[in-house]
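With UniProt numbering applied, the sequence shown covers 1 to 202. This report concerns only the one structure given below.
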Amino acid sequence: MHHALEINETILNIFDHCDYMYGGRRWRDNPTLASLARTCRAFKEPALNLLWEELLNLSPLAQCLPEASHFINDEDLYSFSRPLTQTEWDTLQSYTCRIRSISEFRGLDCKSVITFLDPPATRPLFPNLCTLSCEYTDETMALLNLPLPSLISLEVMFPDSRLFQRSLKLFPNFSLNIRKIDVSVNDFEDVPTFSEIEPDYI
């Protein structure tokens, strides 16, 4: 291997270029980064970090596990077919620790999402998640009760003001580091559709 490729910053610059060729850090859209991660030990970590930095939804978390662990249901969602083994949890957490942004809490069915609420390890499932966008559902709000120690920005879309009012009091409990919460409420008539909330402790 050329000595230039032993410099981490050089590798990251090259991999970042490969990343933007595919329109952003999207797990399913970038086979080049996936191939680089398998090429050699020196490429593995930086390629995986870029590959998993931004997820469009949660489906890659099922796709990284053995096929016997999941199936696609009638709603075109991934569903875990059995309890995950410790080895599968370890595999899952080796990837979730790299995630910085999730665009939607979709892609998995309700039962599989609830699985994330009770991981066998005490360490957070998404320790480095900084940005999250999601629509309000009972499953989403349950997942937001997971430890998210690095969460800085949260965007939640509510179908109606009733659910918004009921859930508003939960926001300050998500993360001590959170700096911005954007809320979109479909049926709000007295305020702009899109509002920004900053917790009182900021």
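Beta carbons are placed, not taken as given, at the ideal position from N, Cα and C, and that holds for glycine.
How many Å lie between Cys134 and Glu45 at the Cα?
The alpha-carbon atoms of Cys134 and Glu45 are separated by roughly 28 Å.
So, with DSSP's three-state summary, where would you put Cys130?
Cys130 falls in the coil class under three-state DSSP.
Please classify Ser167: does DSSP put it in a helix, a strand, or coil?
If DSSP states are grouped into helix, strand and coil, Ser167 belongs with the helices.
Who are the near neighbours of Leu132 in its chain, counting only those whose CB is closer than 6 Å to its CB and skipping five residues on each side?
Short of 6 Å from the beta carbon of Leu132, and not among the five residues preceding or following it, lie these beta carbons of its own chain, in chain order: Ile102 and Leu154.
Extract the residue ranges of the beta strand (DSSP E) inside the region 45 to 93, only unbroken runs of 3 or more that lie entirely within it.
Runs of the beta strand (DSSP E) spanning 3 or more residues and lying entirely within the region 45 to 93 occur at 70 to 72 and 78 to 80, in chain order.
For Leu154, three-class secondary structure by DSSP
In the three-state DSSP reduction, Leu154 falls in the strand class (E or B).
Given a threshold of 16 other Cβ atoms within 10 Å of its Cβ, counted over all protein chains shown, does Thr96 qualify as buried or as exposed?
When all chains shown are included, Thr96 counts as buried.
Is the beta carbon of Leu48 less than 8 Å from the beta carbon of Leu65?
Note that the C-beta distance between Leu48 and Leu65 is not below 8 Å.
Between the beta-carbon of Asn177 and the beta-carbon of Leu151, is there less than 8 Å?
The criterion of a C-beta distance shorter than 8 Å is satisfied by Asn177 and Leu151.
So, with DSSP's three-state summary, where would you put Ser184?
DSSP, read as helix, strand or coil, puts Ser184 in strand.
Does any C-beta atom of chain C lie closer than 8 Å to the C-beta of Phe105?
The structure shown has no chain C; it contains just one protein chain.
With DSSP run on the structure shown, which of helix, strand or coil describes Ile178?
DSSP places Ile178 in coil when its eight states are reduced to three.
Are the beta-carbon atoms belonging to Leu84 and Ser69 less than 8 Å from one another?
Yes. Within cutoff.
Just the Cα atoms here: how many angstroms apart are Phe105 and Thr87?
Looking at the two C-alpha atoms, the distance is approximately 24 Å.
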